[in-house]
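Novice: Attaching a single structure in C-alpha cells format; questions to follow.
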Amino acid sequence: MTRDQASGLRMMNQPNNDKVKVIAVSGGKGGVGKTSVSINTAVALAEKGKRVLVLDADLGLANVDVMLGIRAERNLSHVLSGEAELDDIIVRGPKGIGIVPATSGTQAMVELTQAQHVGLIRAFSEMKTQFDVLIVDTAAGISDMVLSFSRASQDVLIVVCDEPTSITDAYALIKILSREHGVFRFKIVANMVRSLREGMELFAKLSKVTDRFLDVALELVATVPFDENLRKSVRKQKLVIEAFPKSPAAIAYHGLANKIMSWPIPQQPGGHLEFFVERLVQRKDPQEDTTSE
Numbered sequence: 001m002t003r004d005q006a007s008g009l010r011m012m013n014q015p016n017n018d019k020v021k022v023i024a025v026s027g028g029k030g031g032v033g034k035t036s037v038s039i040n041t042a043v044a045l046a047e048k049g050k051r052v053l054v055l056d057a058d059l060g061l062a063n064v065d066v067m068l069g070i071r072a073e074r075n076l077s078h079v080l081s082g083e084a085e086l087d088d089i090i091v092r093g094p095k096g097i098g099i100v101p102a103t104s105g106t107q108a109m110v111e112l113t114q115a116q117h118v119g120l121i122r123a124f125s126e127m128k129t130q131f132d133v134l135i136v137d138t139a140a141g142i143s144d145m146v147l148s149f150s151r152a153s154q155d156v157l158i159v160v161c162d163e164p165t166s167i168t169d170a171y172a173l174i175k176i177l178s179r180e181h182g183v184f185r186f187k188i189v190a191n192m193v194r195s196l197r198e199g200m201e202l203f204a205k206l207s208k209v210t211d212r213f214l215d216v217a218l219e220l221v222a223t224v225p226f227d228e229n230l231r232k233s234v235r236k237q238k239l240v241i242e243a244f245p246k247s248p249a250a251i252a253y254h255g256l257a258n259k260i261m262s263w264p265i266p267q268q269p270g271g272h273l274e275f276f277v278e279r280l281v282q283r284k285d286p287q288e289d290t291t292s293e
C-alpha cells in the first residue's frame, strides 16, 4: 500500500514536472542556530523570487512558528489525524514563505506508525501549493527522524559552531549518515564566528577529523558571523534578514541563498519532492514485519 501511495506522488501538480530542491538543515547539537539558518535562508531565497516551503521537522519540539511570532492554529498532528489537509495548515511568514508547523510537547509525533506515514504521503501527494525549494529544519541530535529527513534530502547542511561539543556532535551526525545511510556529501555552515578566517579554521578542524576517519566530502558553503543584530532582531520578533538587511549576518544569508540557487537538482531518486517523501516513509512498522533483519 505504501508503494502504491508513493507512486502517486510522481503525479504531483508541480507545473511542467518542475523539480523541487530539498535541503535538510541539521546540526547534531542543539543551540547552534540551525533554525535561524533555515528561516533566514528561506526568506533570502524568497526575496530572489523562489517559492519556499519550510518544514518544521522537529516534530516533538516545534519552534519555527514561535521564532517568527506566528500563531499556528493547526499543525502536522491535525493532518495525520485527518482533521486537515497539508495545504490547510501552511502558514505564511516573511516574504510569503510557507511554513508547515509541527507540534510541541507531543511524544506521539516522534513515534509515527506506518499508517501515519502513509497519511503523510497522501498529504504531500494531494498538495495544491506549489513551491521551488523545501527546507527541512530537523531536530537536534541523531534521532531516527533526524536521520530519516537527512538521508531523504538532496543536500544536507550541517550547522556548526566553534565549540568542542558542536564539532563533536556534527562529526557524530556525519559519521552515522555516511556509514549507515549512504550520505557522503555534506555542506557546512560555520555559524556565529568572529571572522571569515575563524569560520575557515572551524571548517578545517571538522575536515581534519572527517578526512582521517570517514570517506566523506565536506564543502564550506557559508560563514555566518556573530552579529549583535541577531539579538536585536529577536527582541523585535523579526528575522535579522528583514530587521537589519544590511547587517553582516543578513549579507551572509543572502550569500548562502545565492549558492543554493546554483546547486543542481539531481535527476536520480532523491532529486524530487515525491522521492523525498517516499524515502522518508519507507521504514517499515516493526509490528508489520517482525521477521525482517
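Quick note on numbering: UniProt numbering labels position 126 of the sequence shown as 126, and the sequence is numbered without any gaps.
All C-beta atoms in this analysis are idealised placements derived from N, C-alpha and C, irrespective of residue type, glycine included.
The structure presented is a predicted model; accordingly, all values stated were derived computationally and were not measured.
Taking 8 Å as the threshold (C-beta atoms), are Y253 and T41 in contact?
Specialist: Yes.
Novice: Quick check on residue 298: buried or exposed, where buried means 16 or more other Cβ atoms within 10 Å of its Cβ?
Specialist: Examination of residue 298 is not possible in this model, given that the chain is present from 1 through 293 alone.
Novice: Can you find the residues in the same chain that come closer than 6 Å, C-beta to C-beta, to L220, ignoring five residues on each side of it along the sequence?
Specialist: Residues of the same chain with a CB within less than 6 Å of the CB of L220, apart from the 5 flanking positions on each side, are I188, F203 in chain order.
Novice: From S247, L134, I23, L214, pick the residue whose C-alpha is nearest to that of P225; which is it?
Specialist: S247
Novice: Can you tell which of D132, R212, V159 has its C-alpha closest to the C-alpha of A139?
Specialist: V159
Novice: From the DSSP secondary-structure annotation, give me the bridge partner or partners of F186.
Specialist: Paired residues: L218.
Novice: In chain order, which alpha helix (DSSP H) runs of at least 4 residues are fully inside the segment 25 to 53?
Specialist: 34 to 47
Novice: Less than 8 Å between the C-beta atoms of D169 and K34, yes or no?
Specialist: no
Novice: Cα separation between G270 and A152?
Specialist: For G270, the predicted structure reports a pLDDT of 42, less than 50, and the residue's modelled location is therefore unreliable. A value from the coordinates is still provided. For G270 and A152, the distance between alpha carbons rounds to 6 Å.
Novice: Exposed or buried, which one is F244 when buried takes at least 16 other CB atoms within 10 Å?
Specialist: Buried.
Novice: Does the beta-carbon distance from Q130 to R51 come in below 8 Å?
Specialist: yes
Novice: Going by the beta-carbon positions, is the gap between residue 296 and D137 smaller than 8 Å?
Specialist: Limits of the chain in this structure are 1 at one end and 293 at the other, which puts residue 296 out of reach.
Novice: Quick one: is P164 buried, meaning 16 or more other Cβ sit within 10 Å of its Cβ, or exposed?
Specialist: exposed
Novice: Which residue marks the beginning of the beta strand (DSSP E) containing T138, and which one marks its end?
Specialist: Element bounds for T138: 133 to 138.
Novice: Kindly indicate the opening and closing residues of the alpha helix (DSSP H) around V240.
Specialist: 240 to 243
Novice: Provide the residue(s) that pair with K21 in DSSP beta bridges, ordered along the chain.
Specialist: V133
Novice: Report the rounded CA-to-CA distance for G82 versus F186, giving the unit in angstroms.
Specialist: Our two residues, G82 and F186, have alpha carbons roughly 36 Å apart in a direct line.
Novice: DSSP state of I265, grouped into three classes?
Specialist: coil
Novice: With DSSP as the reference, label D58 as helix, strand or coil.
Specialist: coil
Novice: Residues bridged to P225 by DSSP?
Specialist: V193
Novice: Just the Cα atoms here: how many angstroms apart are S262 and V25?
Specialist: 18 Å
Novice: Once DSSP output is grouped into helix, strand and coil, what is the label at D144?
Specialist: Helix at D144.
Novice: Report the rounded CA-to-CA distance for P101 versus D215, giving the unit in angstroms.
Specialist: 35 Å
Novice: Let me know the beta strand (DSSP E) ranges lying completely inside the segment 69 to 103, each 3 residues or longer, listed in chain order.
Specialist: 98 to 100
Novice: Cβ atoms of I167 and K205: under 8 Å apart, would you say?
Specialist: Less than 8 Å divides the Cβ of K205 from the Cβ of I167.
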